[in-house]
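In my numbering, the protein residues as written are 237 to 480.
Even glycine gets a Cβ: it sits at the ideal position worked out from N, Cα and C.
Bear in mind the structure is a predicted one, so any value in this text is a computation, not a measurement.
First comes the structure, then the notes that go with it.
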Amino acid sequence: MKFGIGFATGVATTATVLFRRKAASTAQIGKGHPFKHRALDLASGMIQSKYPLAAMSTYLNGFHMYADDMGRQVEASHFCVHLRPDLHQCVIFDRNAADARLIGIEYIISEERFQDLPEEEKRLWHSHHYEVKSGILVAPGIPELAEKSYFTDLVTTYGKTFHTWQYDRDDFPYGIPQLMMGLTEDGQADDGLVQERDRRLGVSTVHKRNGRAGIPAPEVAPEANPWESGRTVQTSLEEMEFKR
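The structure is reproduced here in structure tokens:
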């Protein structure tokens, strides 16, 4: 099969446009870096296949709080893949942008899988019932019917989240990973954070909440959300002997 000059020109033009768009989207990321590094990043972005990243097709936006401090709440943009029937895995950024900061990870499991966990392990997990029912957790840009169907399944799940970048305090990933939790009832969320998120993403938490009124609320396992008892767990550094 032969292609004419017009086709070839069209392909070349399209490639040039895509290249320029890619360069524009990454311009700020590479700002200040040596040209050879920026060129390598650009070439890698266009040529290399990145299957784990490409598979993370679900984008969710919500809020986490530090497991030992409800007053420290941060916005979290999740990018997830449904790895197995009972397991999602997500990478978390501070926002959905090309220069977003990678701030953590979250694993999401089914209720059945959670019930099979050791008792000590359960203390690391939080429920998603309130995040879903309240409308605080959203899937921006997804049609409401599809979003509601997705969250009808997610409402019964549990998540284990660690943030590696305390971006509410430092513009650099200092310190050790911190265990995070989810909100569980009205009156806990930082309304200012929620309202600013809604404005920026063009969503309405109140509208989402009303639309999810028909989603059945699950009975939450008492072992999850350990901070509700007044006691919680958090990570810390421990010095120990090195094994040779």
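Taking 8 Å as the cut-off, the beta carbon of L419 is found no closer than this to the beta carbon of Y343. DSSP, read as helix, strand or coil, puts Y410 in coil. Taking 8 Å as the cut-off, the Cβ atoms of W401 and R337 count as close.
Counting the other Cβ atoms within 10 Å of the Cβ of R359 gives 16 or more, which makes it buried.
Contact between Q470 and A303 holds, since their C-beta atoms are separated by about 5 Å, short of 8 Å.
Under the three-pair Cβ rule at 8 Å, the region 382-390 does not count as touching the region 456-468.
Beta-carbon to beta-carbon, L429 and N297 are separated by about 11 Å, too far to satisfy the 8 Å threshold. Annotation: L415 to I283 spans about 36 Å, alpha carbon to alpha carbon. In its chain, beyond the 5 residues on either side, D322 have a beta carbon closer than 8 Å to the beta carbon of E348.
I451 carries a coil assignment under DSSP once its states are collapsed to helix, strand and coil. DSSP places F299 within a strand segment (E or B) once states are collapsed to three. Taking the Cα of V368 as reference, the smallest distance to any Cα among R320, P452, K479 and E464 is reached at P452. Of the residues assessed, K479 falls on the exposed side of the cut-off, its CB having fewer than 16 other CB atoms within 10 angstroms.
Put simply, the backbone Cα of H318 is about 7 Å away from that of Q325. Straight through space, the alpha carbons of E474 and F408 are spaced by roughly 22 Å. Apart from sequence neighbours up to five positions away, the residues of its chain that approach I412 with a beta-carbon distance below 7 Å are T471 and L473, ordered along the chain.
With a beta-carbon spacing of about 12 Å, H362 and M306 fall beyond the 8 Å limit used to define contacts.
Within 10 angstroms of the beta-carbon of M301 lie 16 or more other beta-carbons, which makes it buried. Within the same chain, Cβ atoms closer than 6 Å to the Cβ of T294 are found at C316, the five residues on either side in sequence being excluded. Linking P379 to P462 through their CA atoms gives a straight-line distance of about 34 Å.
L289 and A382 have their alpha carbons spaced roughly 22 Å apart. If you compare the alpha carbons of V310, F329 and A279 with that of M292, the shortest gap goes to F329. Distance from the CA atom of Q309 to the CA atom of A425, rounded to whole angstroms, is 8 Å.
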